[in-house]
Amino acid sequence: MVVIVVLRTKSMKTPTNCYLVSLSIADLMVLIAAVPNEIISYYVLGDQWIWGRVGCALFIFLQYLGINASSLSITSFTIERYIAICHPMRAQQVCTVHRAKRIIAGVWIFACIYCSPWIFLTKVEPIYYKGYSNIETCTFALSRKHYLGIFFTDLILFYVFPLLLSCVLYGLIARILFTNTIPKIVGNGYPISAETRRNPSSNDHARIQVVKMLVVVVAVFATLWLPYRAWVVYNSFAEHRYMELWFVMFSKTMIFVNSAINPILYNALSIKFRRAFKRMFSCTLFNRSERRRRSCGAHLSVRMSSSSRNNFSTMTTCTLKTTSYKNREKFQYDL
């Protein structure tokens, strides 16, 4: 939905929104690669894995790709906002849509390369529990100790570092915005109207609104990912791993909620997104009603045309009754 709104609305094609589109695609990838499989495997198949070795590798790869691309997209738009607000002169050359697209392409290429080892680090093996011995599951190919390096690299690169960087940069942004020491040159990533140029306070308010939205996105990301990250860290060192089913399901559900909630946040916190969403849905409903109206109009036109022809035929027949039989027959044949 976010992708469609940005692509279809010219005024929404800004550097910040390019990163939000990347974030939305990454979140959607996580949902598609994880949620249907989790529901089917747990509630329908009783944890039985049916997708084979290739499916196991593909699902794991896509999940980690979406997760890591999501984190890198958050880091990217944080840096972009910092440059746009704290260094407005430089931002005119740096914070452009073209450069944002190149950075996003680099983010996804790096994420693909980084996540590619997961294709070879998974396997399908039987598990023995619940009284069954023929259940297979998708799991890791190596022992737990071999994954410590991977898990902690993930933790640092895609959770701790983005959050620390966000705290520092948003702190600097807040200092600039609320002390009002920034030159009124660059807006909130959107085209600046003439009214905005004449009204600097409106420009400040728009910038603050965008920053608030992005801060909330980062805070939600940190909060909803915390249970899973803490669980992985604990199990990496604990002699007896904590594997309570309710907590496993809870931590995974929080990840899925994080991937699904961003469009709601944009709609709730951004006036421009809210207007664009309403405009898109209004256009969709209008187009449907217009097609329905045209269809009804065409049907009515056909009925009226048919009725006119019938009336004309009736009138012609009535007129022909006054003519000779031979002439009437000839005329009806000609019709």
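With the numbering used here applied, the sequence shown corresponds to residues 11 to 345, in that order.
Backbone N, C-alpha and C define an ideal beta-carbon position, used for all residues, glycine too.
Asked: Excluding the five sequence neighbours on either side, which residues of its own chain have a C-beta within less than 7 Å of the C-beta of N245, listed in chain order?; Found: R251 and Y252
Asked: Does the region 275-290 come close enough to the region 57-65 to have 3 or more Cβ pairs within less than 8 Å?; Found: no
Asked: Taking the alpha-carbon positions, what's the V228 to T263 distance?; Found: 18 Å
Asked: Express the C-alpha separation of Y52 and L255 in angstroms, rounding to a whole number.; Found: 11 Å
Asked: In whole angstroms, what is the alpha-carbon distance linking R112 and L158?; Found: 33 Å
Asked: With respect to 8 Å, is the separation between the Cβ of Y157 and the closest non-hydrogen atom of the ligand ZN below this value?; Found: Although the ligand ZN was asked about, the structure shown includes no ligands whatsoever.
Asked: I'd like to check one pair, S86 with V117: are the Cβ atoms closer than 9 Å?; Found: yes
Asked: Short check: CB of I93 to CB of V104, under 9 Å?; Found: yes
Asked: If you draw a straight line from the alpha carbon of V12 to that of E146, how long is it in whole angstroms?; Found: 38 Å
Asked: Measuring alpha carbon to alpha carbon, tell me which of H156, F231 and F130 ends up nearest P172.; Found: F231
Asked: Relative to the C-alpha of L165, which residue among L236, F287 and M22 is closest?; Found: L236
Asked: Indicate whether I95 and L187 have their beta-carbon atoms separated by less than 9 Å.; Found: yes
Asked: Would you identify the three-state DSSP class for Y200, choosing helix, strand or coil?; Found: Residue confidence for Y200 is low, a pLDDT of 46 falling below 50, so the modelled location carries little weight; the figure read from the coordinates is stated next. The answer is coil: DSSP assigns Y200 none of H, G, I, E or B.
Asked: Between A151, A110, Y124 and I137, which has its C-alpha nearest F130's C-alpha?; Found: A151
Asked: Would DSSP call I60 helix, strand or coil?; Found: coil
Asked: Counting C-beta neighbours from all protein chains within 10 Å, is the total for L179 16 or more, i.e. buried, or is it exposed?; Found: buried
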